[in-house]
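For reference, the structure is listed below as structure tokens.
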Amino acid sequence: MQRFMAELSSPIDKVEFEKSWQSDLALKKEPKVEFVFLGQRVSAVVHSECATPWPSAGFHHAFSLAIRRLDRVCNIRWL
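Right under this line is the structure:
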């Protein structure tokens, strides 16, 4: 299991974000991710059954793309 934390410059609707996340066909082969939104903070827990973790740069890129589809000017700060 991995955990990523981010702070967004503006709030994003969780339901809309999850639609955006699931619309990325490249993510179908990646492990399941559970997101928790608390205001502008987002916690992501990656449930991986394999021993190889999801590289953080790859996760950050996929997450950023999903956010940008909803809000092109939203900044992401990784915690």
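Throughout the sequence shown, residue numbering follows our numbering, covering 7 to 85 in sequence.
Backbone N, C-alpha and C define an ideal beta-carbon position, used for all residues, glycine too.
inquiry  = By the DSSP assignment, the beta strand (DSSP E) with I73 in it spans what residues?
reply    = Judged by DSSP secondary structure, I73 falls outside any beta strand (DSSP E) and instead within the alpha helix (DSSP H) spanning 62-76.
ask   = Near M7, what residues of its chain come up, given a Cβ to Cβ distance below 8 Å and the 5 sequence neighbours on each side ignored?
value = V51, V52, H53, S54
key: Proximal residues to G45 (C-beta, below 8 Å), its chain only, five neighbours per side dropped   = P17
request  = Within its chain, find whatever has a CB closer than 7 Å to the CB of H66; leave out the 5 residues flanking it on each side and keep chain order.
outcome  = If we look at H66 and ignore the five residues flanking it on each side, its Cβ neighbours are W84.
ask   = In whole angstroms, what separates the C-alpha of V48 from that of L14?
value = Distance between the alpha carbons of V48 and L14 is about 8 Å.
Q8 (DSSP reduced to helix, strand or coil) = strand
key: Burial state of V39 (16 or more Cβ within 10 Å)   = buried
ask   = Which residue or residues does DSSP assign as beta-bridge partners of W84?
value = A12
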